[in-house]
Amino acid sequence: MILYFFAGTTHEIFQVQQSEMTQTVSIGETVTLSCSVPDSFPKGPVLWFKGSGPSRELIYNFKEGLFPRVKEIGHITKAGNTDFSIRISDISLADAGTYYCVKFKEGKPDREFQSGPGTEVFVTS
Numbered sequence: 034m035i036l037y038f039f040a041g042t043t044h045e046i047f048q049v050q051q052s053e054m055t056q057t058v059s060i061g062e063t064v065t066l067s068c069s070v071p072d073s074f075p076k077g078p079v080l081w082f083k084g085s086g087p088s089r090e091l092i093y094n095f096k097e098g099l100f101p102r103v104k105e106i107g108h109i110t111k112a113g114n115t116d117f118s119i120r121i122s123d124i125s126l127a128d129a130g131t132y133y134c135v136k137f138k139e140g141k142p143d144r145e146f147q148s149g150p151g152t153e154v155f156v157t158s
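Position in the sequence shown (first residue = 1) + 33 = the numbering used here.
Take a look at the structure:
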């Protein structure tokens with residue numbers, strides 16, 4: 034947690050944290066992508082994407098969808114959960130790339146609030 038002090042007050046700067054900058058995994062193995070989101074963030078979903086910008090690919094949505102090779106690690110239904118880590122199994126060369134854990138702010142529609150710095154996955158044969 035980063036704290037800043039201004040004229041007798043404390044302001045906390047919260048961040049979506051992805052602890053690994055890079056991961057190297059062999060074809061057929063499983064990779065774990067870590068993500069921690071402070072529980073004091075605004076309400077809203079956490080999603081995982083591969084790539085960035087408008088062409089990014091949704092990898093995992095903790096609330097809905099079918100993602101057969103991706104499993105959540107954290108207990109997202111538990112109050113105060115801050116762990117939004119995932120595991121991707123049966124890795125292929127196509128899985129190489131940068132993965133982002135992204136916090137959204139609840140709304141109609143939900144708006145992107147903050148992205149983690151990304152974890153680059155390298156796949157070896």
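All C-beta atoms in this analysis are idealised placements derived from N, C-alpha and C, irrespective of residue type, glycine included.
Problem - Minimum Cβ-Cβ distance from Gly107 to chain D less than 9 angstroms - result: Annotation note: the requested chain D is absent from the structure, which comprises a single protein chain.
Exercise for the section: Return the CA-CA distance between Gln51 and Arg102, expressed in angstroms with no decimal places. Expected result: Those two C-alpha atoms are separated by around 20 angstroms.
Practice task
Count the other C-beta atoms from every protein chain shown that fall within 10 angstroms of the C-beta of Thr157, then say buried if there are 16 or more, exposed otherwise.
Solution key: It is exposed - the Cβ of Thr157 has fewer than 16 other Cβ atoms within 10 Å.
Handout entry: Pairwise C-alpha distance: Thr65 and Val79
Key = Distance between the alpha carbons of Val79 and Thr65: 16 angstroms.
Exercise for the section: Specify whether the segment 114 to 124 and the segment 56 to 76 touch according to this definition: at least 3 beta carbon pairs, one from each stretch, less than 8 angstroms apart. Expected result: Two segments are said to touch when three or more pairs of C-beta atoms, one from each, lie closer than 8 angstroms; by this definition the segment 114 to 124 touches the segment 56 to 76.
Handout entry: Assigned secondary structure, Leu126 (DSSP; H/G/I helix, E/B strand, else coil)
Key = If DSSP states are grouped into helix, strand and coil, Leu126 belongs with the helices.
Handout entry: Status (buried if at least 16 other CB within 10 Å, exposed otherwise) for Phe155
Key = By the 10 Å Cβ count, Phe155 comes out exposed.
Problem - Phe155 - containing beta strand (DSSP E), residue span - result: Counting along the chain, the beta strand (DSSP E) containing Phe155 begins and ends at 152 to 157.
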